[in-house]
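Here the protein sequences line up with chains A and B, keeping their order.
To convert a position in the first sequence, counted from 1, into my numbering, add 1.
To convert a position in the second sequence, counted from 1, into my numbering, add 2.
A virtual CB, placed ideally from N, CA and C, is assigned to each residue, including glycine.
Here the structure comes first, spelled out in C-alpha cells, and everything after it is commentary.
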Amino acid sequence: MTEEVVNDRKKAQLLWTHTEGYRGAFGMAIFTMAIAYVFMFGAPLLAAFSIDAVRAGAEFSPAPSTTLIAQFFSGDDIPGMMAYLALAAAGTILLTAIAGGFLYLRGRYIAFASEGIVRRLRDRLFDHIEHLPSTFHDTADTGDLVQRCTSDMETIRVFLSGQVIEISRAFLMLIVVLPILFTLDTRMAWLSLTTLPLLIIAAIFFFQRVKKIFEAVDKAEAELTTVIQENLTGIRVVRAFARQEFETEKFAVKNKAFRDHNNRLIGLMGIYYGFSDIVCLGQIGLLLIVGGLWVMDATLTVGTLFAFLTYEGMIIWPIRHMGRVLTDSGKAIVSIGRLAEILSEPIESQNEVAPSNRLKGRITFRDVSFAYANPRILNNLSFTVEPGETLALLGPPGSGKSTIAQLLLRLYDYHNGSICLDDHELNTMNRKYVRSQISIVLQEPFLYSNTIEGNLKIGRLDATFEEIKQAAVDACIFDSIEKFPQGFDSQVGERGVTLSGGQRQRIALARALLKAPPILILDDALSAVDTDTESQILRALKNRRHHQTTIIVAHRLSTVMHADKILMLHDGEVIQRGNHESLSKVEGVYQRLCAIQGAIQDQIQHDIAEVRNHD
Amino acid sequence: MTDAYFDDENFKDGFDDDSFNTGMDLHLWRKLLSYALHYRKEVIILATCAFFTAVAEIAFPLITKGVIDTVAADGLDADLSQYAALYGAFTLLLGLSISGFIWYGGKIRTHVAHDIRMDGFCNLQRLSFSYYDFRPVGWLMARMTSDCERLSNILAWGMLDLVWGCTMMLGIAIAMLFMDLTLGLIVLSVLPVLAWVSLNFQHRILYSARIVRKTNSRITGTYNESIMGVQTSKAFVKEAENLKKFGGLTDQMHSASVINLVQAALYLPLVLTLGSVAIGLTLVFGGLEVVWGTITAGTLVAFLTYARHFFEPIEQLAQWFAEMQMAQASAERIMSLVMAEPEIKDSKEVIEAMKQDKTANAAIDGHVDQINRITFEDVSFSYDVGDPVLNNIDLDIHQGETLAIVGSTGGGKSTLVSLLCRFYEPTTGKISIDGVDYRNRSLHWLQSNLGIVLQSSHIFGGSIIDNIRYGNLNATDEDIFHASKRSGAHAFIEALEDGYQTSVGEGGSKLSAGQKQLISFARAILADPKILIMDEATSSIDTETEQQIQQGMDALLSGRIAVVIAHRLSTIRNADRILVIEHGKITEQGSHEELMVIQGRYYKLYIQQSLSEFVDEENYWRS
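Structure follows, in C-alpha cells:
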C-alpha cells in the first residue's frame, strides 16, 4: 500500500459521489425525523396541561374518602374533567403513534440509502481491486486489504445508517424543542441550556484523547490475530520443533497487551461517562430546584415544570452521546480514507486496442530489460519462438524465468526493449486481449472455491461437458476426478475434497488446455506430478503441439530436453541457447546438468545390467 | 491460505446453528460464568454499582415529587435545601456508580476474553493433529477472536444489565405500588404486552442480523478469494464475471440488511407507543385522583416519569436474552475447544515420572536421553472414519540409519512418518524407543528431538534469521550462519539487500518456493535433532541447487535417524535402507542393490522413474 496521503477533500468527494441517487432518501429521512419530533414533543405538553388542569380542579372538589375505583364507578366525578383527561390521554397516545410512524419511515429511508451506498461501494471496490496492477498486489498485504474491504466498510455502513442520523437527531431535537421551551417560559428555557456548551466541549475534548487509545487497541488486536494465525497455520512446524512454550509465551504477551489497551480505554470511558452523567443530572437538578422556587412564587406552574423536566430528559442524553458519535464519525473518516487509498491507486491501463483475430503465436523478445525494483531481473534478453514451437526455460531460482511469463501476460509492463506477439508490440495491445490469447499454469495454482467442473470452466465458460472431459483426460486428471464421490461436482476447498499438489496442478493444466489459446505457458507447472504421469501429459501436449506455442519453465531435464529451443538463464541473461542436441555437446551449465543426471542414468543402466546378470 | 477469513457462520460443524429451537443449555453458561466468577471481587463491585445506579434512578422521580409537593403545600415558606442536597447526593452516587460499572464491567469483559483465549490457545498447543484434521485454521481463528469477544461481552454487560434492569424494574414497581396501589397496577398492566413484543422483536431482529452476518462472511470470503486469486482471474480474464457473481452477493447483503434495519425501525415506534399507553392511563386515572385529592400533583409527576422509564430495561433484557440464545452455538464451540482433551498426551505415569529427580543423563521423563533404536511392532492405523491406512507394520530403525520410503501416493508413507513423530498413535500394535513403548515416554521429549522438513515448508512472518533460529532458540548468529551455509541457503540470503534481516512477508510470501525450502533446511540443521524427517523435501529445488545442498544433506542425515519420503533417485539411492509401502503394508525393504535384485515393486518403480526421467521420451517430441 502506498503511503499516499488522501486528504479530507478527497475523502468527502469519494463518499459524496457514491451517495448519488440516495441523497433524496437521506433528505427524506431527516425530514420525517423532524416531523416525528414535532409530534413526539407535543405529548409532554398535553401531560403538562393536564397536570395544571387537575391541580386547578382539585381545589374545587371536596376531598373524597373512598378509593379511586369506587369513585370511578360511582359517577361522582366531574364529567368535564374526565373527558378532558381522556382526551389528553388519547392525544398522548395518538401523538406518539404518529411520531412512531414517522420514525419508522425514517428507518426505511435510512436503510434504503445507507445500504444502497454501501452496496455500490462494495462493488466498486471489488472491481477496482481486480483491475489493480500486479505491482500493487505484490506489495499489498492480503489480510490488510480484506480488512479494509470488510471492517472499514462496516464502519462506513454504521456511520451512514447510524451516526449521520444521530448527529442530525441531536440538532433536530434542539431545533424543534427550543421554540417550545421559549414559548413556555423564557427564564426556564435559558436555564435548561446552561450546561449544554460545557457538555459538548467536554465530549469533544475527551473523545479527541480517546481516539489515540482506540488506535492502539486496534493495533494490539491486529497483532494478536497475527500471532494466532501464524501459530495455527504453522502448527506442524511448532510441534516438530516442540516450540509450544515459546509460542504460548509469544501469544501471552500479545493477549495481555490487547487486554491492557482495552482496559485503558475502559478506564477513560468510565471517567467520562461518570462525569458527564453528573453534569446531565446536575442540569436536571438545577431545573428542578430553581423551577421549584419559581413555582413557589407562582411565576411557574407545576405542569410547565414537568414539561421542562421531561424535555430536558429527552434532549440531554442524545447531546451527551454526541461525543461518542463524533468519535465514531472520526473513525468512519479514517475508514473512508483507507478505502480512498485503494480506490486512488491507478488501475491497469484498459484502453489499448484489441485486435479482432486470434494470434498465430510468434513471440519475439528484443533487448528486454526489466526490474520490479532493484536489482534487474532481466537484462537485454532477446529470443524468438515461432508459432507452434516449444521453448524451454532453465535456470536457478531468481534467474528471471517466471518474469518472462508475467511480462507476456502483461501483468507487468516493460519499459526497455521490445516484446512482440506476432507483429504487434505487446504494450500497444489490450491487456484482456493478450491474456485471452495465453494460458498459464503456475506451480502453486489457484483454484476457486467452486466445483471441479466450475473450476475447469474458468478456462472456457461455454465448453461442453465432452470438451471438459477431454481436457481432463489430456491433463491426466480425469481418473482422479472420477474417483471423487461427487466426481466433477465435487467441491474444491475447505469444505470439499482435499487435493494434492499434483492434482491441483493437473486441474489447472486442464483448465488452461480447455481455453486452447495460441500460447501456453507452464511455469514449473508439473513439479508435483510424478514423472510417469508427467510423460503422459507431455505426450498429450505433443498432440497439440502444432496448435499452440508452448513455453515450459522446469527443473527436470526430462521435461525440457525435447523442446525445440532451450534457453539457459542466469541472473536475467541468456547464458546458453540451443536445443538438447546442440547444448549437450557444448561445455557449459547444460552439459553439467546432463552429466549429473547422466551419471545417475549410467548407474541405472549399470544396476539393470547387474540385475540381469544375476538372472 | 484461503482460510484466513473464515467465519463461524460459514462452517457446518454438526452444531445446530439455528439455536432458536434448542433452548438454553444452562450447564454451558454456568461453565462460562465460572470464568467471570474467577473475578469475584470485581463481580461484586459491578453488581453493587448496577444496584446503586438503579436505586439512584428510582430516587430522582421521588425527589421531584417531594419538591413539587412541598412547594404546592407550603408555597413561599417551602424549604427546598434538603431536596437539593438529596438530589446532589444521588447525582454523585449515580455518577460514581456509572464510572464504577464501566470500569469493572469492562475489566471483567477484557479479563474473561483474555482468559478464555489463553486457555483456548494453550489447549490448541496440546491437541493432537487429529483435532486439526477436521477444523480449518479459519474456523479456529473465529473461535479465538470473535467468539471470545462475543461471549465475554455477554457475560460482563449482560450480567450488568440483568442486575441493573431487575433492580430498576423491581424498585420502580415497589415505589409505584407503595405510592398508589391501584395506579401502580394500571401502569404495570402494560408490562406483559411490552415484554412479549420486545422478546418477539428482538428475536426477529437478531435472527435477521444473523443472516446479515452470514452473508457478510461470504462477502469477506469472496474478497479474500479475489485477492488471493487475482493473477488467475487476470490470466483468464474473469474480472467481469467475478464482479457479476459478487454483485449477486452484495444484492443479497443489501436486502438482508434492509430487512434487518426495517425490523429495528418498526420495533422502536411500537415500544414508544406502548409506553405512551402507560402514560395515557396514568394521565386519566392519576389526573382524576389528583382532582379527588387521593394523590398529590407531585405523585402524578413521579408516576408519569416512572411510566416513561419503567420499560427501558425490558428492551435491554430482551436483547440480551435473545443474544444469549443466538450465542449458544458460539459458546458450545469455544467451550468444546477449551475443554477438548488431546487424544495424544502424557500418561499419568509419565507426568509423575517427570516430577521426580533425575540422574545426570536422564531425559525429563526419567528414561535415558538417547534414541538408538525405534521399533514398530505389528502397528496398524486408521483415522476416525474409514479403512485402515497402515496394516501390521513391523519395522526397526537404528541410530545413524537413513531410511527412504517410496511407494504410490496414498499408500501410507506420510502416515507412517506421522506415527513415528507421535502426531498420531497406532490404533493397534506399539512403537518403542530403545525398548520402551513411546506412550510411556514424554511427548515433549520425543518431539523436541525431531526435525522436520515438509514438502510445503511453513515459514513464519518476520525475518529470515528468526525463522532459522526457530530450530534452536539458543543459537548464536554464528551457529545460524553455519547452518544456512550447510543447507546452501547462505548464498541467496547474503545476496538479499537486508541479508539475514530480510523480512519474508506473511507466510514467507516474498520468497520463492525453493528459497523457503532452503530456509527450512537450515532450520532443521540448526535444531540438530536426533530424528530427522524429510517429506519430499527436494521437489521444488532445481537440479543445480539440489546438487548444492546435497553435501549439506549428507552431513545432516548422518549421525542420526533420518527418514526420507523421497521420489528423487539420488536421495533414494543414497539411503541405507529403502522401504516400499503399498496399500498400508511394507511390501519390500532393503538396500538399493538388494531390492534391484528382487526385481519386485521397487525395481519397477525405479526403472519406471529413471526411464521417464531420462531415456525414452525422445520420440514423443521428435516425431
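Think of a sphere of 9 Å around the beta carbon of residue 425 of chain A: no beta carbon from chain B falls inside it, the nearest being about 17 Å out.
Here residue 154 of chain B has 111, 114, 115 as same chain residues with Cβ atoms under 6 Å from its own Cβ, once five neighbours each way along the sequence are excluded.
Within the same chain, 165 come within 6 Å of residue 49 of chain B by CB-CB distance, once the 5 residues on both sides are set aside.
Residue state for residue 346 of chain B is assigned as coil, using DSSP reduced to three classes. At a Cβ-Cβ threshold of 7 Å, residue 527 of chain B and residue 563 of chain B do not count as neighbours. The continuous alpha helix (DSSP H) containing residue 504 of chain A extends over residues 502-516. Within chain A, 253, 256 have C-beta atoms less than 7 Å from the C-beta of residue 120 of chain B, given in sequence order. Think of a sphere of 7 Å around the beta carbon of residue 407 of chain B: no beta carbon from chain A falls inside it, the nearest being about 15 Å out. At a cut-off of 7 Å between beta-carbon atoms, residue 59 of chain B makes no contact with chain A. Between the alpha carbons of residue 415 of chain B and residue 390 of chain B lies a distance of about 13 Å.
Residues of chain A whose Cβ lies closer than 8 Å to the Cβ of residue 143 of chain B are, in chain order, 226, 229, 230, 233. Under the three-state reduction of DSSP, residue 562 of chain A is assigned to coil, being neither helix nor strand. Close partners of residue 226 of chain B in chain A (Cβ separation under 8 Å): 143, 147.
Taking 7 Å as the cut-off, the beta carbon of residue 292 of chain B is found no closer than this to the beta carbon of residue 296 of chain A. Listed along chain B, the residues sitting closer than 9 Å to residue 138 of chain A by beta-carbon distance are 229, 232, 233. Contact check between the region 187-194 of chain A and the region 289-309 of chain A: three or more CB pairs, one atom from each, fall below 8 Å, which counts as touching. Residue 593 of chain B sits exposed, since fewer than 16 C-beta atoms from the chains shown fall within 10 Å of its C-beta. Contact of residue 51 of chain A with chain B is assigned, a C-beta pair being separated by under 7 Å.
Contiguous alpha helix (DSSP H) elements confined to the region 163-216 of chain A occur at 165-185, 187-194, taking only those with 4 or more residues. The beta carbon of residue 245 of chain A sits closer than 7 Å to some beta carbon of chain B. Note on geometry: alpha-carbon atoms of residue 96 of chain A and residue 43 of chain A lie some 7 Å from one another. Residues of the region 416-448 of chain B with a C-beta less than 9 Å from any C-beta of chain A: 423, 425, 445, 446, 447, 448, listed in chain order.
Annotation: residue 435 of chain B to residue 349 of chain B spans about 16 Å, alpha carbon to alpha carbon. Around residue 268 of chain A, the beta-carbon contacts reaching into chain B at under 7 Å are 105. In terms of Cβ geometry, residue 60 of chain B and residue 158 of chain B do not form a close pair [threshold 7 Å]. Counting along the chain, residue 240 of chain A sits inside the alpha helix (DSSP H) bounded by residues 236-241.
Distance between residue 252 of chain B and residue 150 of chain A, taken at the CA atoms: about 13 Å.
Going by beta carbons, residue 431 of chain B and residue 382 of chain B fall inside the 7 Å limit. Using beta-carbon distances, residue 150 of chain A counts as an interface residue toward chain B, with a partner under 7 Å. Spatial neighbours of residue 337 of chain A in its own chain (CB-CB distance under 7 Å, excluding positions within 5 residues in sequence) are listed in chain order as 12, 15, 16, 157. Chain-ordered, the chain A residues with CB closer than 8 Å to the CB of residue 244 of chain B read 127, 131.
Beyond the five residues adjoining it in sequence on each side, residue 581 of chain A comes within less than 6 Å, by CB distance, of 562 in the same chain, given in chain order. Residue 297 of chain A is bridged by DSSP to nothing; it lacks a bridge partner. Across the structure, residue 89 of chain B and residue 215 of chain A are spaced so that their CA atoms are roughly 35 Å apart. Taking all protein chains in view, the Cβ of residue 341 of chain B is surrounded by fewer than 16 other Cβ atoms within 10 Å, so the residue is classified as exposed. Residue 36 of chain B and residue 56 of chain B have their C-alpha atoms spaced approximately 25 Å apart.
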